[in-house]
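Student: Take a look at the following structure, please.
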Amino acid sequence: VSVTGDAVNFAARVCSSGGASEIRLSRAAFRELSTNKRVLCKGLPAGELRGIPGPQELLLLEWRDRAAFPSRARVVETGEEIALPPQDTISFGRLKERNGFVANDVVLQLADAALTKSISRWHFELRRSSAGFSLRSVTDQTTLVDGEPLAKGAERAIKPGTFVRVANVLTLEFLIDEKAQRISDSTYYPP
């Protein structure tokens with residue numbers, strides 16, 4: 002079956018306006034959702050879609066359980082807080098760049114350069130799935146998740162409140178940003 006026409010073009014523009022792992026909806030599609038799905042939608046600022054006249058009102062369907070995804074990591078030793086980038090794979094390690102390219106999304110450093118060298122250039126990755134993050138070790142260096150060692154290539158679930166000990170020199174606590182959560186919740190359309 003071949004489908005063509007304005008509706009197909011509009012749907013393609015709505016889809017292409019989204020970022021990685023986002024589900025965007027038109028107002029008409031939102032109206033067709035069940036109440037359970039409507040409460041998971043957040044309004045977006047009206048915007049232009051290529052080839053579609055006038056600003057379009059779109060919504061974002063928050064299909065993942067936000068409480069399962071930490072939004073930041075706190076370095077226990079320094080108190081520094083690091084916002085986690087909104088991407089499906091987030092790399093952590095001591096190397097900032099290599100050959101002019103970003104090496105890690107989150108660069109792990111301590112004030113003591115000798116201790117920082119204990120951290121691998123690429124130490125671990127957080128990988129996002131619909132159920133939450135999992136941590137995948139990419140080094141032979143020590144990585145402890147809530148006190149349990151993690152071998153290179155192994156994975157462990159990460160949730161808010163999880164502690165990760167990196168090379169026995171740095172500890173990360175993964176946290177959820179409750180203030181941002183409340184702000185985000187206030188933009189939801191009522192059912």
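Taking this note's numbering, I'd label the letters of the sequence shown as residues 2 to 192. Virtual Cβ for every residue (Gly too), placed ideally from N, Cα, C. Fair warning: this is a prediction, and the values are worked out from it, not measured in the lab.
1) What does R14 pair with, by DSSP beta-bridge criteria?
2) Please tell me whether R95 and S131 are closer than 8 Å, where the distance is taken between their beta carbons.
3) Might you give, ordered along the chain, the residues of its own chain that have their beta carbon closer than 7 Å to the beta carbon of V9, omitting 5 neighbours on each side?
4) Between the beta-carbon of A47 and the beta-carbon of E63, is there less than 8 Å?
5) In terms of residues, what are the limits of the alpha helix (DSSP H) holding K38?
6) Applying the criterion that 16 or more other CB atoms from any shown protein chain within 10 Å of the CB defines a buried residue, is C16 buried or exposed?
7) For the beta strand (DSSP E) holding T172, just list the boundary residues, first then last.
8) Runs of 4 residues minimum, wholly inside the stretch 68 to 122: which ones carry the alpha helix (DSSP H) assignment?
9) Just confirm the distance between the C-beta atoms of L145 and V170, as a whole number of angstroms; I'd bet it's less than 8 Å.
10) Determine the direct distance from the alpha carbon of G20 to that of Y189, and round the result to whole angstroms.
11) Quick one: what does DSSP say A152 is sitting in, helix, strand or coil?
12) Could you compute how far the alpha carbon of K180 sits from the alpha carbon of G133?
13) Going by DSSP, what residue range makes up the beta strand (DSSP E) through R128?
14) Can you tell me whether D186 is buried or exposed, with buried defined as 16 or more other CB within 10 angstroms of its CB?
15) Pull the bridge partners of V165 from the DSSP assignment, please.
16) Could you check where the alpha helix (DSSP H) with R51 kicks off and where it finishes?
17) State buried or exposed for N195, treating a residue as buried only when at least 16 other CB atoms are found within 10 Å of its CB.
Tutor: Taking the structure as given:
1) Paired residues: none, contrary to the question.
2) Taking 8 Å as the Cβ cut-off, R95 and S131 do not qualify as a contacting pair.
3) none
4) no
5) 36 to 39
6) exposed
7) Note, T172: beta strand (DSSP E), 171 to 176.
8) 114 to 117
9) Between V170 and L145 the Cβ distance is about 12 Å, and since that is not below 8 Å, they are no contact.
10) Residue placement at Y189 cannot be trusted, given a pLDDT of 44 that sits under 50; what the coordinates show is reported in the next sentence. Near 19 Å, if we compare the C-alpha coordinates of G20 and Y189.
11) coil
12) The predicted model places K180 with a pLDDT of 48, which falls under 50 and marks its position as unreliable; any figure quoted below should be read in that light. For K180 and G133, the distance between alpha carbons rounds to 20 Å.
13) 125 to 130
14) Bear in mind that the predicted position of D186 carries a pLDDT of just 49, short of 50, making it too unreliable to give a figure here.
15) V146, L173
16) That residue, R51, is in no alpha helix (DSSP H); it is neither H nor E in DSSP.
17) Given a span of 2 to 192 for the chain in the structure shown, any question on residue 195 remains unanswerable.
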